[in-house]
Amino acid sequence: MENKDEFCVQTENESDIQFSDLFDLKDIQHIQDLFSNATGVASIITHPDGAPITHPSNFCRLCNDIIRKTEKGLANCYRSDAILGRLSISDATVQPCMSGGLYDAGASITVGGKHIANWLIGQVRNENIEVQQMIEYAGEIGANREAFMKALAEVPVMSLDQFTKVSKMLFAFAKELSEKAYSNLQLKKQIAERDKATAMLKESEENFLSEKYILHENLKRSEEFLRETQKIARLGAYTLNIDSDNWISSEILDDIFGIDSGYDKSVQGWASIVHPEWRQMMVDYFTNEVLGNHCKFDKEYMIIRQNSKEERWVYGLGKVTYNDANQPVKMIGTIQDITDRKRVEKTLQNERLLLRTLIDNIPDSIYSKDLACRKTLVNIAEVGFMGAKSEAEVLGKDDFEFYPKELAEKFFADDQLVIQTGKPVINREEYIIDENGQKRWLLSSKLPLRNKDSEIIGLVGIGRDITERKQAEEKLIIAKEKAESGDRLKTAFMNNISHEIRTPLNGILGFGNLMGDPNISQDERDGYFEIVKISSDRLMNTVTDYMDISLIASGNQEVHKKLIAPCDILNEIYDMFLQSCQTKKLKLSIHTPTMAGKLHINTDPKLLHKALRHFVDNAIKFTAQGYVTFGFEENGDELKFFVTDTGVGISPEAQTTIFDKFMQENVSMTRNHEGSGLGLSIAKGIVELLGGRIWLESVKGKGSSFFFTIK
619 MENKDEFCVQ TENESDIQFS DLFDLKDIQH IQDLFSNATG VASIITHPDG
669 APITHPSNFC RLCNDIIRKT EKGLANCYRS DAILGRLSIS DATVQPCMSG
719 GLYDAGASIT VGGKHIANWL IGQVRNENIE VQQMIEYAGE IGANREAFMK
769 ALAEVPVMSL DQFTKVSKML FAFAKELSEK AYSNLQLKKQ IAERDKATAM
819 LKESEENFLS EKYILHENLK RSEEFLRETQ KIARLGAYTL NIDSDNWISS
869 EILDDIFGID SGYDKSVQGW ASIVHPEWRQ MMVDYFTNEV LGNHCKFDKE
919 YMIIRQNSKE ERWVYGLGKV TYNDANQPVK MIGTIQDITD RKRVEKTLQN
969 ERLLLRTLID NIPDSIYSKD LACRKTLVNI AEVGFMGAKS EAEVLGKDDF
1019 EFYPKELAEK FFADDQLVIQ TGKPVINREE YIIDENGQKR WLLSSKLPLR
1069 NKDSEIIGLV GIGRDITERK QAEEKLIIAK EKAESGDRLK TAFMNNISHE
1119 IRTPLNGILG FGNLMGDPNI SQDERDGYFE IVKISSDRLM NTVTDYMDIS
1169 LIASGNQEVH KKLIAPCDIL NEIYDMFLQS CQTKKLKLSI HTPTMAGKLH
1219 INTDPKLLHK ALRHFVDNAI KFTAQGYVTF GFEENGDELK FFVTDTGVGI
1269 SPEAQTTIFD KFMQENVSMT RNHEGSGLGL SIAKGIVELL GGRIWLESVK
1319 GKGSSFFFTI K
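If you use this note's numbering, the sequence shown corresponds to residues 619 to 1329, in order.
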């Protein structure tokens, strides 16, 4: 057997035990060979799954050289050995081999209830062997039948009764072997555990002496370290015996108080050290809160240092212990000189106050945000910009809670750009909507806010109100546009004067001179007279338009309202333009609602007539074929007048300026249509004087519809 001391020390769970841990395989192989030679049977020891542990002893040639040399035969042998060696605690297992039909037997080897191996014997013939079945099996596994039968004849012959006796002996031997091995295992385990305990005891004794020394040295170093840290932190310790009204203190505490060992270390003595302005408050605090309400002592207060008489700040911490009767016995605590800290705090407080005063009195908005773009600081200007009443309403909130979504999204995108890239945004013009719904322009800058490790923790923003500047710029732009418009208007006016006044004047003067020629016929003179009349009417209409637009533009146009029937005015307009429509072969029609003849409105009939005349005249002028229709319809408490034509139409670009003075789609001197370009401007001015609205709908090349309302 091998030395198992190492195994016994290491193995704590018997379920981990293997056969090779308990037996020396050389010794077991020798015993197996002796047993096989003595009984005349083949023998082998396997794992529970049939895998061999030892080498076969006296295996017959049939099994060793023929059956186990085939793949199927070997697999059947392993499977048969595993079944044959199944756990059995009462007797050996005897059965024909599944691979060759020879008789085999098996005995389980167990240790502590664990099945760790099988001892198998067999490969004998007896009276129950069926030769024909053996021949068929040779063919099944692919063995040579002739060689198979020769080897079968060499197999030892033993009666089943004799083989069973040998098997029982094997079982008894294996059981005894297992029990002895298990006993030896337990004994060696106990010896190993005892040796281990002895070694550990010895090691513990050595460690104890070493640790005691180390502990002593560490304690000395800890005490020294504590003293040094207390000096650095200006932290002293004390113990107050409440019954005897006496306290003992550390050297550091005596130095903080400026006292020596002879000082009266009582509660009254402590009270004498407390600053007079704090004394009564601290005595009341100690008596009522600490002792009366069982609170811990936790207070910052001022003292007068006894030897130097200087004022110092201290921070006291203490805890009271109580007896079984719930009476205070003693208090243990610390007192730290925090004068330097208080000075720094006061300096910082003054600096914060100065900074706050500064940023709150700067007209520019100043704010900071965290990584989630929530406000963490705002000055008074920013509070006003956000429409809030105080800083508290703004802190912790983002822009989405104060501004329209589209503005808040833009601000958020800018904030994230600064936070993610670390690149500042400088002097960006942007606007906000204030609490009154007015647009306010800001010149904004945003910079990343970093901590001491240069990590971005938010941003700082500054916004300057440039609303007045932007408004001034807008006024300049409007003034510039007006100036440019004035130039265009002047050009259009001059073109209009040149065309609409000079042209009819030329006609009047030219044909007037021709009428005085004695050599022309009466028919020619009548024709010239008609041309002079038409030119005179045109000139008169142009001058009238100039006068009308001047009165409207100057605010001198008077309005004289009275109750009228609008249908009468429509009929007058119809009669006025019927002849010109017939000349151009245009269909002219009126559309009014049912019972329109009985409808009356209170308005200025001359102005209404003039506005409608200009709309219809404009429609006929720019319509070459099709129709012109005008009329009105009731629209609540007002009448909606309309003029619709199938003329040239108006482009979308021209629709925005069509009501401006002298505006036509073609304002050049060589135009296809006569007119001052003031008709629609006059009509618009009249409609607005009468309290109405005016608009149009038009498609280029398909016609136009003009609408206006009269109340």
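Yeah, the Cβ is synthetic: ideal placement off N, Cα and C, and Gly gets one too.
My output table needs one value for L1060: the three-state DSSP class, helix, strand or coil.
Taking the first residue of the sequence shown as position 1, residue 1060 is located at position 442. Here L1060 sits in strand by DSSP.
Please report how far the alpha carbon of I759 lies from the alpha carbon of T657, in whole angstroms.
Position 141 of the sequence shown holds residue 759. Position 39 of the sequence shown holds residue 657. Near 30 angstroms, if we compare the C-alpha coordinates of T657 and I759.
Please state whether the Cβ-Cβ distance between D955 and G1081 is less than 8 angstroms.
Walking along the sequence shown from the start, residue 955 turns up at place 337. Walking along the sequence shown from the start, residue 1081 turns up at place 463. Cβ atoms of D955 and G1081: not closer than 8 angstroms.
Name the two residues that bound the continuous beta strand (DSSP E) containing A735.
Along the sequence shown, read from residue 1 onward, the residue named residue 735 stands at position 117. Looking at the DSSP string, the run of the beta strand (DSSP E) that includes A735 is K732 to V742.
Applying the 10 Å Cβ sphere with the 16-neighbour rule, what's the burial state of M1287?
Here residue 1287 corresponds to residue number 669 of the sequence shown, with the count starting at 1. For M1287, the pLDDT reaches just 36, beneath the cut-off of 50, and the residue's location in the model is therefore unreliable, leaving the point undetermined.
Count the other CB atoms within 10 Å of the CB of D1071; is the residue buried (16 or more) or exposed (fewer)?
Reading the sequence shown from its first residue, position 453 is the one you call residue 1071. Exposed, since its Cβ has fewer than 16 Cβ neighbours within 10 Å.
For Y1021, which of helix, strand or coil comes out of DSSP?
Within the sequence shown, the letter at position 403 stands for residue 1021. It is coil, neither helix nor strand.
Which residue from I998, K1015 and G1014 puts its Cα closest to that of K1007?
Your numbering for residue 1007 matches position 389 in the sequence shown. Looking at the Cα atoms, I998 is the closest of the given residues.
Counting only the same chain and skipping the five closest in sequence on each side, list residues whose C-beta sits under 8 angstroms from that of L989.
For the purposes of this step, residue 989 is taken as the residue at position 371 of the sequence shown. Cβ within range, chain order: I1037, I1074, I1075 and G1076.
Whose CA, out of A1171, N1220, Q1273 and F1325, lies closest to the CA of H1232?
Here residue 1232 refers to the residue found at position 614 of the sequence shown. When each option's Cα is compared against that of H1232, the closest is F1325.
Quick one: using the 10 Å Cβ neighbour count with 16 as the cut-off for buried, is W1313 buried or exposed?
Working through the sequence shown from its first residue, we reach residue 1313 at position 695. Flag for W1313 reads exposed.
If I measure Cβ to Cβ from T1085 and keep anything under 6 angstroms in the same chain, skipping five residues before and after, which residues do I get?
As a position in the sequence shown, residue 1085 is number 467, starting the count at 1. So the list reads R1058 and W1059, once near-sequence residues are dropped.
Could you have a look at R1349 and say whether DSSP puts it in helix, strand or coil?
Lying outside 619 to 1329, the shown extent of the chain, residue 1349 is not represented and no answer is given.
Flag this pair as yes or no: are the beta carbons of P1223 and K1180 separated by less than 8 angstroms?
Indexing the sequence shown from 1 puts residue 1223 at position 605. Indexing the sequence shown from 1 puts residue 1180 at position 562. Yes, the pair counts as a contact, with Cβ atoms nearer than the cut-off.
What separation, rounded to the nearest whole angstrom, lies between the Cα atoms of A1093 and N1069?
By 1-based counting over the sequence shown, the position of residue 1093 is 475. By 1-based counting over the sequence shown, the position of residue 1069 is 451. Here the sequence assigns Lys to residue 1093, which means Ala is not the residue at that position. Rounded to the nearest angstrom, the two C-alpha atoms are 45 angstroms apart.
Find out if the Cβ-Cβ distance for the pair G936, K914 is shorter than 8 angstroms.
The residue given as residue 936 occupies position 318 in the sequence shown. The residue given as residue 914 occupies position 296 in the sequence shown. For G936 and K914, yes; Cβs fall inside 8 angstroms.
Return helix, strand or coil for G691, following the three-state DSSP convention.
Start at 1 with the first residue of the sequence shown, and residue 691 comes out as number 73. Helix, per DSSP.
What does N1220 pair with, by DSSP beta-bridge criteria?
Within the sequence shown, residue 1220 is the residue found at index 602, counting from 1. Beta-bridge pairing links N1220 to L1181.
If you run the structure through DSSP and keep just helix, strand and coil, what is M949?
The count along the sequence shown starts at 1 and reaches residue 949 at position 331. Of the three classes helix, strand and coil, the one that applies to M949 here is strand, per DSSP.
Roughly how many angstroms separate the alpha carbons of V1246 and Q1200, rounded to a whole number?
By one-based count along the sequence shown, residue 1246 stands at place 628. By one-based count along the sequence shown, residue 1200 stands at place 582. The alpha-carbon atoms of V1246 and Q1200 are separated by roughly 11 angstroms.
Is K1216 buried or exposed, if buried means 16 or more other CB atoms sit within 10 Å of its CB?
Position 598 of the sequence shown, counting from 1, holds the residue named residue 1216. So K1216 counts as exposed.
Does the stretch 856-866 touch the stretch 946-962, meaning 3 or more C-beta pairs lie closer than 8 angstroms?
At 8 angstroms Cβ cutoff, the stretches touch.
From I921, T728 and H912, pick the residue whose C-alpha is nearest to that of T939; which is it?
Taking the sequence shown and counting its residues from 1, one reaches residue 939 at position 321. It is H912 whose Cα lies nearest to the Cα of T939.
Using the C-alpha atoms, what's the distance from L640 back to K806?
To locate residue 806, count along the sequence shown from 1; it is residue 188. To locate residue 640, count along the sequence shown from 1; it is residue 22. Roughly 11 angstroms separates the two Cα atoms.
Would you say the stretch 1173-1190 touches the stretch 1240-1254, given that touching needs at least three Cβ pairs under 8 angstroms?
Judged by Cβ distances under 8 angstroms, the stretch 1173-1190 makes contact with the stretch 1240-1254, as three or more pairs qualify.
In chain order, what are the residue ranges of uninterrupted beta strand (DSSP E) at least 3 long that sit wholly in the stretch 955-1028?
With a minimum length of 3 residues, the continuous beta strand (DSSP E) runs that stay inside the stretch 955-1028 are 983-987 and 993-996.
Pick from F1195, T1262 and P1270: whose alpha carbon is nearest that of G1321?
For this step, residue 1321 is matched to residue 703 along the sequence shown. Looking at the Cα atoms, T1262 is the closest of the given residues.
How close, in whole Å, do the beta carbons of K987 and D1032 come, if the pair is a contact with beta carbons under 8 angstroms?
By one-based count along the sequence shown, residue 987 stands at place 369. By one-based count along the sequence shown, residue 1032 stands at place 414. Between D1032 and K987 the Cβ distance is about 11 angstroms, and since that is not below 8 angstroms, they are no contact.
Since A855 sits in a beta bridge, which residues does DSSP pair it with?
The sequence position of residue 855 within the sequence shown is 237, counting from 1. DSSP lists T952 as partners of A855.
Taking contact to mean at least 3 C-beta pairs separated by less than 8 angstroms, is the stretch 1162-1173 in contact with the stretch 1295-1308?
Yes: the two stretches touch, three or more of their Cβ pairs being nearer than 8 angstroms.
Kindly indicate which residue of I1096, K1028, K1023 and F1003 has the alpha-carbon position closest to the one of E1053.
As a first step, residue 1053 must be located in the sequence shown, where it is residue number 435. Nearest C-alpha to E1053: F1003.
With a CB to CB cut of under 6 angstroms and the five nearest residues on each side skipped, what residues in its chain are close to G1014?
Within the sequence shown, residue 1014 is the residue found at index 396, counting from 1. Excluding residues within five positions, the ones whose Cβ falls inside 6 angstroms are R992.
Counting only the same chain and skipping the five closest in sequence on each side, list residues whose C-beta sits under 6 angstroms from that of V775.
Reading the sequence shown from its first residue, position 157 is the one you call residue 775. Contacts found: R743.
Compute the Euclidean distance between the alpha carbons of A700 and A810, then round it to the nearest angstrom.
The residue you call residue 700 lines up with position 82 of the sequence shown. The residue you call residue 810 lines up with position 192 of the sequence shown. Computed Cα separation, rounded: 35 angstroms.
According to the neighbour-count rule (16 or more other Cβ atoms, all chains shown, within 10 Å of its Cβ), is Q1282 buried or exposed?
Taking the first residue of the sequence shown as position 1, residue 1282 is located at position 664. Residue placement at Q1282 is flagged as unreliable, the pLDDT there being 49, under the threshold of 50; the coordinate-derived value follows with that caveat. Its Cβ being crowded by 16 or more others within 10 Å, Q1282 is buried.
Ignore the nearest five residues each way along the sequence and tell me which others in K849's own chain have a CB closer than 7 angstroms to its CB.
Start at 1 with the first residue of the sequence shown, and residue 849 comes out as number 231. Correct list, in chain order: I870.
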